[in-house]
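Here the structure comes first, spelled out in structure tokens, and everything after it is commentary.
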Amino acid sequence: MELGAPGLHTATLRLEPLNESHRAALSRSNAVEHMWSSMPVISTGTNIDAYFDHSLKMATLGTGQVMAAIRQEDDRLIGLSAFLNPNRMNRRTRIGYNWVEPALRGSAVVEHIHYLMLKRAYQWRARRVAWWLSLKNERAIAAVEKIGAKREGVLRQHTRFADGSWADLVVLSLVSDEIRDSMAMLGEQIEKRDADSDT
């Protein structure tokens, strides 16, 4: 199964490959500000259109697949997540380029995104899923550790961000059965929350 294949959804959220139809909504969103503090600098410029074009091109080149998070109830783009540097031979990928609307950070939406990204990685037969996160982004690190990812170390002064700063990156990962177990745990939490909301 391809990373961008259709059918990735819960009752609350669906993930679909980023495409041109998402450009306007993303340009109006908080992702523009978020880009400065969390996105690596790219050679084509540091504006939202340059990053959008870069994200689309990754899918064409096979260097990544950005997914748009669409809320089912109103069909609105509320977040992004991406598979980065997928390597089918070694069955590994990274998850990054994560953004969620500020009002939804820390909400169940984040849980749904983690679940769906891991579900697709599992379907793709990944044996390693990793996150490289800025050491300063304590909230994101805690969220990934909460789903069972193990901290492996820090890549010092590894990446220059769009704002010109250099970031130390924390490497976290799930490997082998940890991917399945994390996905199952998240799936159970989502089912329980859905059941509780129906009562």
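Counted from 1, the sequence shown has number 22 at position 22 by UniProt numbering; the numbering is strictly sequential.
Virtual Cβ for every residue (Gly too), placed ideally from N, Cα, C.
Could you tell me the distance, in whole angstroms, from the CA atom of residue i to the CA atom of residue j?
i	j	result
PRO102	ALA25	15 Å
ALA69	LEU80	5 Å
ILE141	ALA108	17 Å
VAL66	ALA195	30 Å
HIS22	THR10	20 Å
THR12	SER29	20 Å
VAL100	PRO86	22 Å
GLN157	SER134	10 Å
SER176	ILE113	20 Å
LEU8	ALA143	21 Å
MET58	SER27	19 Å
GLY106	GLU73	19 Å
Name the DSSP bridge partner or partners of residue i?
i	result
LEU13	ARG71
ARG160	TRP166
ARG92	ASN87 and ARG128
LEU18	Its beta-bridge partners do not exist; DSSP assigns none.
GLY80	The sequence given here places Leu at residue 80; Gly does not occur at that position. According to DSSP, LEU80 bridges with ALA68 and TRP99.
LEU186	Paired residue(s): none; LEU186 is not in a bridge.
Is the beta carbon of residue j closer than 8 Å to that of residue i?
i	j	result
ARG151	LEU172	yes
LEU18	LEU56	yes
LEU155	TRP132	yes
LEU3	LEU116	no
ARG92	ARG120	no
TYR122	ARG180	yes
GLU111	LEU186	yes
SER182	LEU169	no
GLY148	GLU191	no
GLY64	LEU77	no
ALA162	MET1	no
residue 228	ILE48	This structure leaves residue 228 out entirely; the chain is present only between 1 and 199.
HIS34	THR44	no
For a cutoff of 8 Å on Cβ pairs, would you count residue i as touching chain C?
i	result
GLY187	No chain C is present in this structure, which holds just one protein chain.
Where are the alpha helix (DSSP H) runs, 4 residues long or more, that stay fully inside the segment 38-63, in chain order? 48-61
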